[in-house]
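Colleague: This note's numbering applies: residue 21 is where the sequence shown begins, and numbers increase by one. For each residue, glycine too, the CB sits at the ideal point set by N, CA and C.
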Amino acid sequence: MKSVRVFAPATVANLAVGYDVLGLCLDQPGDEVVIKEGTSPGLKITTITGDKGLLPYEVESNTASHAALRLLEDLGLTTMPVEMEIHKKMGMGTGLGSSAASAVAGVYAMNAFLDEPMSKAALLRYAVEGEAQADGAYHADNVAPSLFGGIVLIRSNTQLDYIELPVPEKLVLAMIYPHIEILTSESRAILKATVELNQMVKQTGNIAAFTASLFNNDYNLMSRSLEDLVIEPQRAKLIPEFEQVKEIALHSGALGFSISGAGPSMFALCHDHDIAEKIAQMSKSHFDNKGIGADCFISKINTTGAIQID
Ligand code: HSE
């Protein structure tokens, strides 16, 4: 019986200076989706693992199947008998793009099962629609890097106009996930709807300079640019010990440090593996000593994105 299994990786959205418009792809963790021939007409979810019973089996509501269903609709294949298994291999609500990884895995697996009627690029809008099921917002800063890999800039979320940016070879991240819960919807809801003109001037300077630093392999400029004047100051108060751990990371030699997506995970972008390792260890000890606990790991930037693994 025909069956395909796909892995779609976790991502870091925003990258300090690009709220809703910048993201990068991690090596691990990620979600897996299996698509196989079904026995009755239409798409059905047969199995979900690793979700602590939280995800819906209803095809329209689930991010992975929603994305796949939109693809089937456009291809006129909604009555084709097909079954989906979803294997969550990463925590939900961690700030690592869990719902985006599921949406990407769902649509990528369906396209692979159908022998690739659509290009990878054409799958983006289905995955974004799938992820929008989870947080009600339409933004591609997790979905695009999970699908394409690398570092992606979204010029327009409405038009899904995106640019794949160069990935300087030395970049490596220390990822820090403190054991607290932040709902993405809440983390978005607390943000002010307006930005002061002087903040706008500094933030646009920073995102433009950060982008230029990737083209020029300029780690010094990268470091000067990775300063978020708009979102981080508002969200940092949701994460205990944020300022202390940021201080540890920057003092240890990170190029930049901020919140991963909507949090609570944080990232330290580094140009040296040993520095990233040290930051991960020190951050873990810090959160453990405070009785909060944290999972910390190192990841290069994954330039492949979603792949079929079986
Ligand atoms: N850009 C999004 C945010 C990522 O920061 O809310 C999380 O969905």
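Can we say the region 279 to 286 touches the region 259 to 270, given the rule of at least three CB pairs closer than 8 Å?
Modeller: yes
Colleague: Have a look at Met104 and Pro76 and give me their C-alpha separation to the nearest angstrom.
Modeller: Between the C-alpha atoms of Met104 and Pro76 there is a straight-line separation of about 13 Å.
Colleague: Anyone know if the C-beta pair for His171 and Tyr182 falls short of 8 Å?
Modeller: Reading off the sequence, residue 171 comes out as Ile, not His. Contact flag unset, no.
Colleague: Who pairs with Pro198 in a beta bridge, going by DSSP?
Modeller: Ala314
Colleague: Is the CB-CB distance between Glu80 and Leu74 below 8 Å?
Modeller: no
Colleague: Would you check if the distance between the CB atom of Ala125 and the CB atom of Phe277 is smaller than 8 Å?
Modeller: no
Colleague: So, does the region 291 to 302 touch the region 253 to 262, judging by three or more C-beta pairs under 8 Å?
Modeller: no
Colleague: For a test of your reading of the model: does the CB of Thr204 fall under 7 Å from any non-hydrogen atom of the ligand HSE? Yes or no.
Modeller: yes
Colleague: Quick one: measure Cβ to Cβ for Gln328 and Arg25, integer angstroms, because I've assumed they're closer than 8 Å.
Modeller: 7 Å
Colleague: At what residue ranges does the region 267 to 321 contain a whole run of the alpha helix (DSSP H), taking only runs of 4 or more?
Modeller: Listed in chain order, they are 293 to 309.
Colleague: My output table needs one value for Gln179: the three-state DSSP class, helix, strand or coil.
Modeller: coil
Colleague: To the nearest angstrom, report how far apart Asp47 and Pro165 are at their CA atoms.
Modeller: 11 Å
Colleague: Contact between the region 113 to 130 and the region 139 to 159: three or more CB pairs below 8 Å?
Modeller: yes
Colleague: Touch check for the region 197 to 206 and the region 311 to 324: three-plus C-beta pairs under 8 Å?
Modeller: yes
Colleague: Which residue comes first and which comes last in the beta strand (DSSP E) that contains Met104?
Modeller: 102 to 107
Colleague: Just to confirm, are Leu63 and Ser85 a CB contact at a threshold of 8 Å?
Modeller: yes
Colleague: Curious, which full-length alpha helix (DSSP H) runs of at least 4 residues does the region 200 to 230 contain?
Modeller: 204 to 209
Colleague: Determine the direct distance from the alpha carbon of Lys108 to that of Val221, and round the result to whole angstroms.
Modeller: Val221 and Lys108 have their alpha carbons spaced roughly 40 Å apart.
Colleague: Three-state secondary structure (DSSP) at Leu331?
Modeller: In this structure the chain extends from 21 to 330, so residue 331 is not present and cannot be described.
Colleague: Mind listing, in chain order, the continuous beta strand (DSSP E) runs of no fewer than 3 residues lying wholly within the region 72 to 131?
Modeller: Here the runs fully enclosed are 102 to 107.
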